[in-house]
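These notes concern the structure reproduced below.
In this note's numbering, the protein residues as written are 106 to 744.
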């Protein structure tokens, strides 16, 4: 039993078998199968894998004690198997092999029931069965039964301290013939379907309105509404016209600011001590117990104004040094990625291009290793090939999962997943930064090494604390390339959605800087940003109480007709000016804005060259977090 539970009066204990063994219980033998990847020391433990070898199928896929942020059932899966085909008989009565046995279809149908596909089934398959990097003795090995092995692989047994290790070669034992992901409603959902309560009494005609945008009810506005997330701009227009400073309820509980003038006022440098970043609030008003925090308060993005100014004096030249040559890297990688996909005639622009381009350039700048030095020095050819890019994939996964911690509309369990990823990312970048600092000398070749050069005692002049350095590195990772990826994906979508603009850009590539600027205005990758007030503050005719959260809505400000002519028109020839708030304003203007524009420009330039006839192959869906404007997938074809 993975996690024993107390029986309820209505239910028998989960530990009581329906058909108990006729043998008398032996308490000393009761835990003989309570092994983990590695078990604790004890008189009946199997720490050395003598009863059940370390890395065996039952041991890898049935670990007993794994927990995730205190949730002990996070990896629990209900598994059932059913054989099909006739039983296998190795030989006939004469002892000769029957050739018909090999030609007969037979196998096992496996059914796996779980509540979280990514964290349960895919985690078990991807990590426990095929990719564990942390369990002792299992790195670069696969499950001998269900692992994704291409040929014979060694499997080791440890008979005992006084006996030599035994190694046998195990051929692939299973082959996946097909699979399907099936989604079923929960018990309450099935009850609701069975009740037929979802059926309307009679169809009602839809009432048409000339301008429905004016009918947005402020008191009922829901930022988690799928219709709003798919296209927030009509909602912004209505809210901006009715109440440019508006109180939004749970789960956001903040004053949202919609107009360009008021967003600019909140972000203005002269108001830096009126509208503060949330990090300072956390130091003076601790969060209640149980509240999930997705913020890293000691990093650059959340520093108070005075400390932020000191940190920018340190980090601006470090960043400038680290991004030298980034534009050329971006162009080379963009051309490489599209050249490889061009013959296919179709690709997912997000996963196959925008994500790889943004993360590839940024991880080079940060100093994230492309290969594992240990494997590079001592591994086999297959291990070296498998290790290329593996560390970056892990870091990328942490970064994307960290966003869950910031989404206030998600269930606490998912936000905890984000908080766990954030802690892993923080620990990794902290250690990698120290390593880079010890190895570096002179001008820092990477951003991590450059930051580390100025890490020490925060009281000293031009020094960051270790916490400030590590949190700032995490901020760069989160904002550094995710915003660039979002900008590229939504920008290409808007270019292809407006064929006249795409054709204009193809004819005049010199307009690419203008196009990137318009992409940023039309669909800002970061739509919202938070501030707070220490005392009662007047803004736009409203009094915001002390301690309140204030959220500036960049997406609304960039569509404000009071500042932009015909703001809902996508126009790549719109002049470049400072009115665009896509990367913020004031002391918190994005430190990586120039880098993001370089990479986005390289992406558009390469798309024009390699895929001039590109078009949208299927309508995409937008991410379900109002803070970000991004496309999880964008299928584009060009034949």
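Virtual Cβ for every residue (Gly too), placed ideally from N, Cα, C.
Original post:
Over what stretch of residues does the beta strand (DSSP E) that includes residue 359 continue unbroken?
Top reply: Here residue 359 refers to the residue found at position 254 of the chain shown. Its beta strand (DSSP E) spans residues 359-362.
Subject >> From 450, 604, 335, 497, residue whose alpha carbon lies closest to that of residue 725 >> reply: As a working note, residue 725 is residue 620 in the chain shown. It is 335.
Original post:
With respect to the beta strand (DSSP E) encompassing residue 624, which residues constitute its N-terminal and C-terminal limits?
Top reply: Counting from one through the chain shown, the residue named residue 624 turns up at place 519. Per DSSP, residue 624 belongs to no beta strand (DSSP E); it is in the alpha helix (DSSP H), 617-627.
Subject >> Cβ contact check for the segment 571-587 and the segment 404-419: 3 or more pairs under 8 Å >> reply: Yes, the segment 571-587 is in contact with the segment 404-419.
Subject >> Distance, residue 278 Cα to residue 255 Cα >> reply: Indexing the chain shown from 1 puts residue 255 at position 150. Indexing the chain shown from 1 puts residue 278 at position 173. Their Cα atoms are separated by approximately 11 Å.
Original post:
If you follow the beta strand (DSSP E) that residue 189 is part of, which residue opens it and which one closes it?
Top reply: Start at 1 with the first residue of the chain shown, and residue 189 comes out as number 84. Residues 183-189.
Original post:
What is the DSSP secondary structure of residue 225, counted as helix, strand or coil?
Top reply: As a working mapping, residue 225 is identified with position 120 in the chain shown. DSSP places residue 225 in coil when its eight states are reduced to three.
Original post:
Can you find a C-beta in chain C that's less than 8 Å from the C-beta of residue 558?
Top reply: In the structure shown, chain C cannot be found, because there is only a single protein chain.
Original post:
So what's residue 528 in DSSP terms, helix, strand or just coil?
Top reply: The count along the chain shown starts at 1 and reaches residue 528 at position 423. Residue 528: helix per DSSP, three-state reduction.
**OP:** Please classify residue 351: does DSSP put it in a helix, a strand, or coil?
**Re:** As a first step, residue 351 must be located in the chain shown, where it is residue number 246. Three-state DSSP puts residue 351 in a strand.
Subject >> Residues near residue 209 by beta carbon distance below 7 Å, same chain, minus five either side >> reply: Translated into positions along the chain shown, residue 209 becomes position 104. Within the same chain, residue 209 has close Cβ partners 190, 191.
**OP:** Below 7 Å CB to CB, which residues in the same chain sit around residue 611 once its five sequence neighbours on both sides are set aside?
**Re:** Stepping through the chain shown from its first residue, residue 611 is reached at position 506. Here the set comprises 713, 717.
Subject >> Helix, strand or coil at residue 735 according to DSSP, with G and I counted as helix >> reply: By one-based count along the chain shown, residue 735 stands at place 630. When DSSP states are grouped into helix, strand and coil, residue 735 belongs to the coil group.
Original post:
Cβ atoms of residue 659 and residue 632: under 8 Å apart, would you say?
Top reply: By one-based count along the chain shown, residue 632 stands at place 527. By one-based count along the chain shown, residue 659 stands at place 554. Yes; because the gap between Cβ atoms is below 8 Å, this pair is in contact.
**OP:** Output the distance between the C-alpha atoms of residue 617 and residue 710, rounded to the nearest integer angstrom.
**Re:** In the chain shown, the residue the question calls residue 617 occupies position 512. In the chain shown, the residue the question calls residue 710 occupies position 605. When rounded, the distance between both Cα atoms is 7 Å.
Original post:
Using a Cβ-Cβ cut-off of 6 Å (strictly less than) and excluding sequence neighbours within five positions of residue 309, which residues of its own chain qualify?
Top reply: Position 204 of the chain shown holds residue 309. The pLDDT assigned to residue 309 is 46, lower than 50, so where the model puts this residue is not dependable; a value taken from the coordinates is nonetheless given after this. Contacts found: none.
Original post:
Count the other CB atoms within 10 Å of the CB of residue 371; is the residue buried (16 or more) or exposed (fewer)?
Top reply: In the chain shown, residue 371 corresponds to position 266, counting from 1. Around the CB of residue 371, 16 or more other CB atoms lie within 10 Å, so the residue is classed as buried.
Subject >> Limits of the unbroken alpha helix (DSSP H) element including residue 300 >> reply: Taking the chain shown and counting its residues from 1, the one referred to as residue 300 is at position 195. Segment 292-300, the alpha helix (DSSP H) holding residue 300.
Subject >> Buried versus exposed call for residue 158 [16 or more other C-beta atoms within 10 Å across all chains shown] >> reply: Within the chain shown, numbered from 1, the residue matching residue 158 stands at position 53. That one is buried.
**OP:** Report the rounded CA-to-CA distance for residue 365 versus residue 665, giving the unit in angstroms.
**Re:** For the purposes of this step, residue 365 is taken as residue 260 along the chain shown, with counting starting at 1. For the purposes of this step, residue 665 is taken as residue 560 along the chain shown, with counting starting at 1. Roughly 6 Å between the two C-alpha positions.
Subject >> Cβ neighbour criterion (16 or more within 10 Å) applied to residue 314 >> reply: Position 209 of the chain shown, counting from 1, holds the residue named residue 314. Summary for residue 314: the model assigns pLDDT 41, below 50, so the residue's position carries little reliability; its value from the coordinates is reported in the next sentence. The residue is exposed, with fewer than 16 neighbouring Cβ atoms inside 10 Å.
**OP:** Mark residue 259 as exposed unless 16 or more other C-beta atoms lie within 10 angstroms of its C-beta, in which case mark it buried.
**Re:** If you number the chain shown from 1, residue 259 lands on position 154. So residue 259 ends up on the exposed side.
Original post:
So, helix, strand or coil for residue 250, using DSSP?
Top reply: Position 145 of the chain shown holds residue 250. If DSSP states are grouped into helix, strand and coil, residue 250 belongs with coil.
Original post:
Roughly how many whole angstroms lie between the Cα atoms of residue 187 and residue 220?
Top reply: Walking along the chain shown from the start, residue 187 turns up at place 82. Walking along the chain shown from the start, residue 220 turns up at place 115. Cα-Cα distance, rounded: 21 Å.
Original post:
Just the Cα atoms here: how many angstroms apart are residue 630 and residue 594?
Top reply: As a first step, residue 630 is located in the chain shown; it is residue number 525 there, counting from the start. As a first step, residue 594 is located in the chain shown; it is residue number 489 there, counting from the start. The alpha-carbon atoms of residue 630 and residue 594 are separated by roughly 10 Å.
Original post:
In the DSSP assignment, what are the bridge partners of residue 272?
Top reply: Taking the first residue of the chain shown as 1, we reach residue 272 at position 167. The partner list for residue 272 (beta bridge, DSSP) reads 261.
Original post:
Would the segment 681-698 and the segment 445-454 be scored as touching if the rule is three or more Cβ pairs under 8 Å?
Top reply: No, the segment 681-698 does not touch the segment 445-454.
Subject >> Buried versus exposed, by CB contacts within 10 Å (16 or more), residue 745 >> reply: This structure does not reach residue 745, given that the chain is present from 106 up to 744, and the question cannot be answered.
**OP:** For residue 461, collect the residues of the same chain with a Cβ closer than 8 Å to its Cβ; drop the 5 residues on either side in sequence, then sort them by chain order.
**Re:** For the purposes of this step, residue 461 is taken as the residue at position 356 of the chain shown. Here the set comprises 438, 442.
Subject >> Sequence-distant residues of the same chain with beta carbon closer than 8 Å to residue 668, five excluded per side >> reply: Here residue 668 corresponds to residue number 563 of the chain shown, with the count starting at 1. Excluding sequence neighbours, residue 668 sits near 365, 366, 662, 684.
Original post:
Could you give the distance in angstroms between the alpha-carbon of residue 251 and the alpha-carbon of residue 234?
Top reply: Residue numbering aside, residue 251 sits at position 146 when the chain shown is read from its first letter. Residue numbering aside, residue 234 sits at position 129 when the chain shown is read from its first letter. Their backbone Cα atoms lie some 7 Å apart in a straight line.
Original post:
Candidates 362, 731, 583: which alpha carbon is nearest residue 501's?
Top reply: As a working note, residue 501 is residue 396 in the chain shown. Nearest C-alpha to residue 501: 583.
**OP:** For the alpha helix (DSSP H) holding residue 437, just list the boundary residues, first then last.
**Re:** What you label residue 437 is simply residue 332 of the chain shown in a count that begins at 1. First-last of the alpha helix (DSSP H) with residue 437: 431-446.
Original post:
How long is the line joining the alpha carbons of residue 700 and residue 534, rounded to whole angstroms?
Top reply: The residue given as residue 700 occupies position 595 in the chain shown. The residue given as residue 534 occupies position 429 in the chain shown. Using only the alpha carbons, I get a separation of about 21 Å.
Original post:
Using CA coordinates, which residue listed in 166, 715, 160 is at the minimum distance from residue 450?
Top reply: By one-based count along the chain shown, residue 450 stands at place 345. When each option's Cα is compared against that of residue 450, the closest is 715.
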